[in-house]
Each structure stands twice: as C-alpha cells, then as structure tokens.
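Engineer: If you're matching positions, the sequence shown starts at 0 in numbering that gives the first Met the number 0 and goes up one per residue. Note that CB positions come from ideal geometry on N, CA and C, so glycine has one too. Model, not experiment: these values are computed from the prediction.
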Amino acid sequence: MQLKKIAQAFLALVLTVSAHAETVRVGNVVWNKSASGSIDEFRNLTYDNRAGGMVFIRPSSNNQRAKESSTNVAIDDRFLVSVQDGHYTSSAVCAGAVQLSAVSTGIHINDLSADPVLVTVQPRQVLYFMISTDSDYRPILQQVDANTARSLLQNTYRQGHQISRVDVSNCPEPVIAPPPVYTPPPQVNNPPPVREEVPTLRLDIHFDHDKHNIKPEFKGEIVKAAQFLAKYPGMDAIIEGHTDSNGTDQYNIGLSQRRANTVREALIRDHGVNPSRLRAVGYGESRPIANNATPEGRYTNRRVMVVIPPQ
0 MQLKKIAQAF
10 LALVLTVSAH
20 AETVRVGNVV
30 WNKSASGSID
40 EFRNLTYDNR
50 AGGMVFIRPS
60 SNNQRAKESS
70 TNVAIDDRFL
80 VSVQDGHYTS
90 SAVCAGAVQL
100 SAVSTGIHIN
110 DLSADPVLVT
120 VQPRQVLYFM
130 ISTDSDYRPI
140 LQQVDANTAR
150 SLLQNTYRQG
160 HQISRVDVSN
170 CPEPVIAPPP
180 VYTPPPQVNN
190 PPPVREEVPT
200 LRLDIHFDHD
210 KHNIKPEFKG
220 EIVKAAQFLA
230 KYPGMDAIIE
240 GHTDSNGTDQ
250 YNIGLSQRRA
260 NTVREALIRD
270 HGVNPSRLRA
280 VGYGESRPIA
290 NNATPEGRYT
300 NRRVMVVIPP
310 Q
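#1: How many Å lie between Pro308 and Tyr181 at the Cα?
#2: Of all the options Arg49, Ser244, Ala225, which has the alpha carbon lying nearest to the alpha carbon of Pro294?
#3: Going by beta-carbon coordinates alone, are Ala50 and Val167 separated by less than 8 angstroms?
#4: On the three-state DSSP scale, how would you describe Phe78?
#5: List the residues that DSSP assigns as beta-bridge partners of Val303.
#6: Is it true that the stretch 69-85 meets the stretch 127-138, where meeting means three or more beta-carbon pairs spaced less than 8 angstroms apart?
#7: Just the C-alpha distance for Gly296 and Thr261, rounded to the nearest angstrom, thanks.
#8: With which residues is Ala265 paired in a DSSP beta bridge?
#9: CA-CA distance, Phe217 and Asn188?
#10: Quick check on the DSSP output: what are the complete alpha helix (DSSP H) runs of length 4 or more inside the stretch 119-168, in order along the chain?
#11: Just how far apart, CA to CA, sit Phe227 and Glu239?
#12: For Ser100 versus Ala73, is the C-beta distance shorter than 8 angstroms?
#13: Could you say if the stretch 246-262 and the stretch 275-290 meet the contact criterion of at least three C-beta pairs nearer than 8 angstroms?
#14: Taking just the CA atoms, how far does Val272 sit from Ala292?
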C-alpha cells in the first residue's frame, strides 16, 4: 500500500505544468511553449538557396492572453504561423514574390488573404516584421530592419510550439539569370581622314645666276599666279623664293628673298592682289628640287613658288 502511494505521488509530480515558465514536462520529455531568444538564432533560416526566412515579432501589449488575441499569419492565402502577444516566431519560406497577410484568430474565418502585402524574399535572406494590434486585436504588419528587430526581441519570448508549414525541399530552384552577353558595339569603319592638299603653284619663272629680276618671257607666269590666287580669294599665300647651291648660305637666303619680293610686288602692282594676302619668304638653297651638280639642275632650283598654307 505504501509503495502504491509513492508511485501515485511520483506520477503526479512528473505531470506537473509550470504556468510561469510555460513548460510542459511529461516524463523525460520537456516542451517549452515560450522562451527568450536572440536574432542570431535565425541564421538557420538561410541554409538553402531555394528559401529565405521570415520573423514575426509581436511586442507585449497589456499582456493579452485571450485566445482570440492571437494573430494568424498567412502566405499566399495559406496559414504560416500564429503568434501571441509578447512573443515572436519564425518560419522558412520559399524564395520569390509572395502575398503576406495577417488576421486575428478571433474572427474565425477561413479566408486568410485579407489586405495582403506583396513581399519579395531573396534566397538566404531573413525578413523581419513587427505585428501590432488595435483594441479589437486586428493586426497591422510592418516590416522592420535587423537592428529594430534586435531591440524588439529583448522584451519578447519565442513561441516555441510552432510547426513549420514550409518544406524547403519542395521550394523551386531559384531562377538564375544568365550572365549578360557582351555585345561589342558595331564597328564603324570610318574612312581615313582626308588629308587636305595644300594648293601649290610652281611658277615657271627662272632667274639668271645671281639675279632677281623677272625676264619679259616670264610675265605670263605672273598672270598665272594672279589667276591661281583669284581661285582662292579668301586665303592668304606665301611667295617662296629659292636658289641653287652657288654662294654662301647667308647670301642665298637674301637672294631668294629678293626673288620672292619681286614676284609679290608684281602681283600687287600689276594685278591688284591685296598686299595683306601675300607674304614673301626666301629659303635660299635649302629646298632643291633638282641636282645642283649640273647646269640644268641649278637652273631649275632658281625658282619661285606660290603656296596656299593651311588656314
């Protein structure tokens, strides 16, 4: 009889429910209905590329314990979790765009899609939501950042009797956008730049050795030079004087300058060319166009040219 009383007392002890800790103990099995936690525990929601996680935090509001005060959270009109006042809970969810909604347990309806919010869950991403309620327990969902969630969790307890409705193995594989294909810009075969030719007129005016006067037989070349300049009325011109290699460099520079001056003066005096358009330059023997070793070559090098330089 004494042994039977001891057994009954032991059985009553192991079935004790602690309301304060919200812990149920049956034999060696312990079920924690709520317990405090931290934001670090949600890392286990980010282990799969096909899913992310959602955390719902309902800060304490006058310690509401009525059954109808609980909030049911649905995803795409399917029940996801339920959370009581002063508690938080979490769940894995498939990655992608989802419709998130929350209703009060007390309204007793099957339609869980009231006032849904479109939320996009990235793979391995955890989203945090705060749930507040009005006087009729109607829930209001508000997404918060991780720092705000960390602060809210300090005063709430984990609602531990949740069973996840999402099997991550059934989530579709994430659609990975192919890397952009680099398309080189169309090659434009630009034509090579057109090299602007400098208009040049070589006058067939030749000079006797050590002379700079224009012989009568070369007067027609002066007319040709005037016509050439008239063809380019808006451009200036250079009258170039040249010599052969006889004489010193310094002397030939002066001689070539006098030859250029003679042609310039003839164009101004006899053909009315504006003096401001003409500049005479003597190059001496520095720019031969023929061999100075022969009389013919030296005769060719004793010349005058009219050049239209780049403007």
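Structural biologist: If we stick to the structure as given:
#1: Here the question's residue 308 lines up with position 309 in the sequence shown. Here the question's residue 181 lines up with position 182 in the sequence shown. Cα to Cα, the separation comes out at about 47 angstroms.
#2: Your numbering for residue 294 matches position 295 in the sequence shown. The residue with the shortest Cα to Cα distance from Pro294 is Ser244.
#3: For the purposes of this step, residue 50 is taken as residue 51 along the sequence shown, with counting starting at 1. For the purposes of this step, residue 167 is taken as residue 168 along the sequence shown, with counting starting at 1. Yes, these two residues count as a Cβ contact at 8 angstroms.
#4: Residue mapping note: residue 78 aligns to position 79 of the sequence shown, counting from 1. Phe78 falls in the strand class under three-state DSSP.
#5: Translated into positions along the sequence shown, residue 303 becomes position 304. Partner(s): Leu202, Gly240.
#6: yes
#7: Reading the sequence shown from its first residue, position 297 is the one you call residue 296. Reading the sequence shown from its first residue, position 262 is the one you call residue 261. If you take the alpha carbons of Gly296 and Thr261, they lie about 22 angstroms apart.
#8: Counting from 1 along the sequence shown, the entry for residue 265 is found at position 266. None, per the DSSP bridge assignment.
#9: Residue 217 sits at position 218 when you count from the first residue of the sequence shown. Residue 188 sits at position 189 when you count from the first residue of the sequence shown. Spanning the two alpha carbons is a distance of roughly 49 angstroms.
#10: 145-152
#11: The sequence position of residue 227 within the sequence shown is 228, counting from 1. The sequence position of residue 239 within the sequence shown is 240, counting from 1. Their backbone Cα atoms lie some 15 angstroms apart in a straight line.
#12: Walking along the sequence shown from the start, residue 100 turns up at place 101. Walking along the sequence shown from the start, residue 73 turns up at place 74. Yes. Within cutoff.
#13: yes
#14: The residue labelled residue 292 in the question sits at position 293 within the sequence shown. The residue labelled residue 272 in the question sits at position 273 within the sequence shown. Near 37 angstroms, if we compare the C-alpha coordinates of Val272 and Ala292.
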